[in-house]
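Data block below; observations after.
Residue numbers (my numbering): 231 to 348.
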């Protein structure tokens, strides 16, 4: 869903279309956040879940914001809005493929974390 939203942002040509596309954020972010929390609770053993959630929040809200703000801003300035959002769409699509691959093709023993099958 993020890939689609970013691709639509790359194609948006006027402020109203940007506003319409950005309204999808309420859906894409909601799905992302709920899915991420559920995924973390499935792969992290119960005794480490608080630590796992803390690391998720640190990386999602701090590290990713710093990196995307710095490098994304450089790319946005150098290549423009369409290139920025095309790259964002590509990265989101590749990440989605990675999670889909893991979901479809992971062996049960690969999904065993800390003695707990997930």
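We put the beta carbon where it would ideally sit given N, CA and C, even for glycine.
- In this structure, residue 231 lies away from residue 265, with their beta-carbon atoms at least 7 angstroms apart.
- The straight-line gap separating the alpha-carbon atoms of residue 274 and residue 282 is approximately 7 angstroms.
- Inter-residue distance for residue 271 and residue 279 is about 6 angstroms (C-alpha atoms, whole angstroms).
- Here DSSP, grouped into helix, strand and coil, assigns residue 254 to coil.
- If you look at residue 324, you'll find it in the alpha helix (DSSP H) that goes 311 to 335.
- By the Cβ rule, the segment 321 to 335 does not count as touching the segment 245 to 256, because fewer than three pairs are nearer than 8 angstroms.
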